[in-house]
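Engineer:
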Amino acid sequence: YKPFEPAFYHTDIADWGMACLLAKAAGPQARVLVDTGHHFVGQNIEQIVAWLIDEKMLGGFHFNDHKYADDDLTVGSIDPYQMFRIFNEIVAAEDELGSPLDIAYMVDQSHNLKPKIEAMIQTVTVCHELFAKALLVDRKRLREAQAADDLMISEETVRGAFFTDTRPLIAHVRQEMGLEPDALAAHRASGYEARVARERTAKHGHAAEASYA
Numbered sequence: 159y160k161p162f163e164p165a166f167y168h169t170d171i172a173d174w175g176m177a178c179l180l181a182k183a184a185g186p187q188a189r190v191l192v193d194t195g196h197h198f199v200g201q202n203i204e205q206i207v208a209w210l211i212d213e214k215m216l217g218g219f220h221f222n223d224h225k226y227a228d229d230d231l232t233v234g235s236i237d238p239y240q241m242f243r244i245f246n247e248i249v250a251a252e253d254e255l256g257s258p259l260d261i262a263y264m265v266d267q268s269h270n271l272k273p274k275i276e277a278m279i280q281t282v283t284v285c286h287e288l289f290a291k292a293l294l295v296d297r298k299r300l301r302e303a304q305a306a307d308d309l310m311i312s313e314e315t316v317r318g319a320f321f322t323d324t325r326p327l328i329a330h331v332r333q334e335m336g337l338e339p340d341a342l343a344a345h346r347a348s349g350y351e352a353r354v355a356r357e358r359t360a361k362h363g364h365a366a367e368a369s370y371a
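If you're matching positions, the sequence shown starts at 159 in our numbering and goes up one per residue.
(1) Nearest by alpha-carbon distance to histidine 330: which of Ala360, Asn246, Asp340 is it?
(2) Between isoleucine 244 and glycine 363, what straight-line distance do the alpha-carbon atoms span, to the nearest angstrom?
(3) Nearest-angstrom Cα distance between methionine 176 and arginine 346?
(4) Please determine, among Trp209, Val199, Ala208, the residue with the shortest C-alpha to C-alpha distance to aspartate 223.
(5) Using the C-alpha atoms, what's the distance from glutamine 333 back to glycine 195?
(6) Distance check for valine 233 and cysteine 285, CA to CA, integer angstroms please.
(7) What distance in whole Å lies between the Cβ atoms of alanine 292 and phenylalanine 372, which are believed to be in contact at a cut-off of 8 Å?
(8) Of the residues Ala305, Asp193, Val295, Arg358, which one's Cα is nearest the Cα of arginine 317?
(9) Excluding the five sequence neighbours on either side, which residues of its own chain have a C-beta within less than 7 Å of the C-beta of tyrosine 226, listed in chain order?
(10) On the DSSP letters alone, give me the boundaries of the alpha helix (DSSP H) that glycine 318 sits inside.
(11) Given this structure, state the Cα-to-Cα distance separating glutamate 357 from glycine 217, to the nearest angstrom.
(12) Going by DSSP in three states, tyrosine 263 sits in which element: helix, strand or coil?
(13) Note down, in chain order, each residue of its chain lying with its Cβ closer than 8 Å to the Cβ of lysine 361, except the 5 sequence neighbours on either side.
(14) For alanine 208, collect the residues of the same chain with a Cβ closer than 7 Å to its Cβ; drop the 5 residues on either side in sequence, then sort them by chain order.
(15) Among the residues of its own chain, which have a CB less than 7 Å from the CB of alanine 290, if the five just before and after it don't count?
(16) Can you name, in chain order, every residue of its own chain whose Cβ lies under 7 Å from the Cβ of leucine 288, other than the five neighbours on each side?
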């Protein structure tokens with residue numbers, strides 16, 4: 159669904175409600191895909207995600223970020239706290255269910271200024287870091303604070319997890335998996351991008367700079 163584009167034309171599926179109704183009418187294999195950049199400024203995306211989870215209609219994500227109408231920016235480049243809150247709803251639901259949700263995680267971005275491979279590595283790394291923050295939320299403390307209508311402790315519990323630096327944890331997990339701890343640094347050190355650029359130039363000649371995606 160997409161409520162608008164930075165141009166004056168009609169969108170057939172304008173919001174998550176229309177998408178949900180159409181998916182239900184299409185049958186049990188259809189669910190809603192949430193593109194995090196396709197929302198109005200200030201829209202409560204995490205509420206939409208929580209609702210779709212509750213209705214068993216959340217199918218997947220196209221991850222990106224946006225400022226106004228310029229979606230397809232790298233994840234977390236504008237509002238990492240919002241992406242964290244989205245992950246927080248997913249983790250909370252999985253904690254309640256006791257099993258992972260069947261969600262298709264995808265990236266939909268247009269890398270026009272940042273190097274394309276590096277931008278993708280950055281996005282995936284940021285997703286790892288923010289999801290890890292959501293895993294650090296003290297669920298028991300949060301439930302107790304919410305049950306007591308203690309807004310301050312509820313918010314502080316969530317904020318405490320968000321402000322925890324999870325980069326060392328992600329680096330440690332990568333090492334346990336036999337990977338370099340810093341994905342971006344490893345990519346740059348590999349010389350891969352320059353090497354394949356030379357190979358493609360030798361094979362195909364110089365190409366015009368891509369302007370989209």
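Even for Gly, the Cβ is constructed at its ideal location relative to N, Cα and C. Given the structure is predicted, the values throughout are model-derived calculations rather than measurements.
Structural biologist: Reading off the structure:
(1) Asp340
(2) Distance between the alpha carbons of isoleucine 244 and glycine 363: 44 Å.
(3) 44 Å
(4) Val199
(5) 32 Å
(6) 7 Å
(7) Since the first residue of the chain shown is 159 and the last is 371, residue 372 is not available in this structure.
(8) Val295
(9) Closer than 7 Å at Cβ, skipping near neighbours: Val199.
(10) 309-320
(11) 39 Å
(12) For tyrosine 263, the secondary structure class from DSSP, reduced to helix, strand or coil, is strand.
(13) none
(14) Within its own chain, the residues whose Cβ lies closer than 7 Å to the Cβ of alanine 208, once the five positions on either side in sequence are excluded, are Glu247, listed in chain order.
(15) Thr324, Leu327, Ile328
(16) Apart from the 5 residues on each side of it in sequence, leucine 288 sits with its Cβ closer than 7 Å to the Cβ of Gly234, Pro238, Met241, Phe242, Phe245 in its chain, given in chain order.
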